[in-house]
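Here the structure comes first, spelled out in structure tokens, and everything after it is commentary.
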Amino acid sequence: QPTKLAAATESRWCVARQVLLGFGGLASGGSSRLRGIAMTAGESRKRPRTATGDAGDRILAAERHSVRELAKLSFSSPPVHTVYSPLQYAWAVHEQYVRKFVPKAPVPILMLGMNPGPFGMAQTGVPFGQVAAVRDYMKLDPRLPIERPDREHPKRPIEGFACRRSEVSGQRLWGWAESRYGQEFFKHFYVHNYCPLAFVSATGANVVPERLPASQLQKVQQICDEALETVVSVLDPAVIVGVGEYAFKKGQALASSQERAIAKVLHPSPASPAANRGWANAADQQIADIIRKHSLAVPLPTAASE
Numbered sequence: 012q013p014t015k016l017a018a019a020t021e022s023r024w025c026v027a028r029q030v031l032l033g034f035g036g037l038a039s040g041g042s043s044r045l046r047g048i049a050m051t052a053g054e055s056r057k058r059p060r061t062a063t064g065d066a067g068d069r070i071l072a073a074e075r076h077s078v079r080e081l082a083k084l085s086f087s088s089p090p091v092h093t094v095y096s097p098l099q100y101a102w103a104v105h106e107q108y109v110r111k112f113v114p115k116a117p118v119p120i121l122m123l124g125m126n127p128g129p130f131g132m133a134q135t136g137v138p139f140g141q142v143a144a145v146r147d148y149m150k151l152d153p154r155l156p157i158e159r160p161d162r163e164h165p166k167r168p169i170e171g172f173a174c175r176r177s178e179v180s181g182q183r184l185w186g187w188a189e190s191r192y193g194q195e196f197f198k199h200f201y202v203h204n205y206c207p208l209a210f211v212s213a214t215g216a217n218v219v220p221e222r223l224p225a226s227q228l229q230k231v232q233q234i235c236d237e238a239l240e241t242v243v244s245v246l247d248p249a250v251i252v253g254v255g256e257y258a259f260k261k262g263q264a265l266a267s268s269q270e271r272a273i274a275k276v277l278h279p280s281p282a283s284p285a286a287n288r289g290w291a292n293a294a295d296q297q298i299a300d301i302i303r304k305h306s307l308a309v310p311l312p313t314a315a316s317e
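Mapping of the sequence shown onto the numbering used here: position 115 corresponds to residue 126, and the numbering continues sequentially without gaps.
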């Protein structure tokens, strides 16, 4: 009996270490597949739970499941050359983000992004996760492991917190959050990305999910829709706010089926001329309109701290 117990304990420790180190990688070209995370969160770390499970546990479990299902897909045709799965290799940072910032339900505003950018979530595992914002504003631990994926595009290496390039979308969104709300932002908002995969072309350019071949897009969206449904069920948001048109459409489909409020804000991408003319001011107006329209108990954004 003692021998069996010791073996079981050692086995659980190995599993935990693999999960925390972001077990897995990315697929590149051909008929390659993403490697999935093998174990569930409950097997890697035991925590006291309520009957329905902690909100963070439930969201993480849904995300883990979606990563495993997405790992079964093959991306073997243009425009996709390389696929990054940061919820595998940067899982430890992502888990800290979820556990630290998932608010008590109901959350007033769920901000829904599209998918990881190459210098944001692809590096840190955090939605719109520009390195400086993740480290300095969110104060997530830069010592947490971010592993190098098995395969990378040579123009898009994973450097984690050492990445010196800035994700402009993340700099704008989190910079706006910090300047308008400070830490109070996390009491009223939660930011979540619809799809956890980043797609890169042969030239190293970012490929948005809408550019995937129809058959691949349908499979990806089916998996991501299921995960989003769980996130919405756990957080019970008063309003789902799509950041950009694609996220708005995905949120709209779910909101309609559940009779939830849906709204949209301009995407902070540098590819958007409107965003380049002043995204923070546009977000101020759009978020203020949402708060007023739905009578949310959320302070109006203010630039007084600038």
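Glycine included, every Cβ here is placed at the ideal spot set by N, Cα and C.
Keep in mind the model is a prediction, meaning the values are calculated, not measured.
Beta carbon of residue i nearer than 7 Å to that of residue j
i      : j      : result
His199 : Val109 : no
Pro138 : Arg146 : no
Val142 : Phe172 : yes
Ala66  : Val113 : yes
Ile273 : Ile251 : yes
Thr214 : His164 : no
Pro248 : Val78  : no
Leu98  : Glu80  : no
Gln107 : Leu151 : yes
Leu123 : Gly253 : yes
Pro281 : Val179 : yes
Pro127 : Asn217 : no
Gly181 : Gly140 : yes
Ile157 : Ala101 : yes
Arg176 : Pro279 : no
Pro90  : Arg191 : no
Cys174 : Gln134 : yes
Alpha-carbon spacing of residue i relative to residue j, whole angstroms
i      : j      : result
Cys206 : Val276 : 18 Å
Ala314 : Ala286 : 17 Å
Arg271 : Ser87  : 37 Å
Lys304 : Gln263 : 17 Å
Ala116 : Glu237 : 19 Å
Val211 : Leu239 : 23 Å
Ile302 : Val219 : 29 Å
Ala293 : Val245 : 29 Å
Pro224 : Met125 : 17 Å
Tyr95  : Arg162 : 9 Å
Phe197 : Leu265 : 23 Å
Lys230 : Phe259 : 19 Å
Asn204 : Ala299 : 22 Å
Pro168 : Ser85  : 21 Å
Ala144 : Gln269 : 33 Å
Residue i - partner residues in DSSP beta bridges
i      : result
Val276 : Val254
Asn292 : Answer by DSSP bridge pairing: none, since Asn292 is not bridged.
Tyr108 : Paired residue(s): none; Tyr108 is not in a bridge.
Asn287 : Answer by DSSP bridge pairing: none, since Asn287 is not bridged.
Val78  : Beta-bridge pairing links Val78 to no other residue.
Phe200 : Ile120
Tyr192 : Partner(s): none; Tyr192 has no beta bridge.
Ala209 : Tyr95
Three-state secondary structure (DSSP) of residue i
i      : result
Thr241 : helix
Ser85  : strand
Val309 : coil
Thr214 : coil
Phe130 : coil
Phe139 : coil
Ile120 : strand
Ala314 : coil
His164 : coil
Lys304 : helix
Ala103 : helix
Thr220 : Here the sequence assigns Pro to residue 220, which means Thr is not the residue at that position. Three-state DSSP puts Pro220 in a helix.
Leu260 : According to the sequence provided, residue 260 is Lys. The question's Leu does not apply to it. Three-state result, Lys260: helix.
Lys115 : coil
Lys230 : helix
Arg69  : helix
Asp236 : helix
Arg183 : helix
Asp147 : helix
Ile169 : coil
Ile298 : helix
Ala225 : helix
Cβ neighbour criterion (16 or more within 10 Å) applied to residue i
i      : result
Lys166 : exposed
Pro160 : buried
Pro312 : buried
Asp68  : buried
Lys261 : buried
Leu228 : exposed
Ala209 : buried
Gln194 : exposed
Ser267 : exposed
Gly255 : buried
Gly289 : exposed
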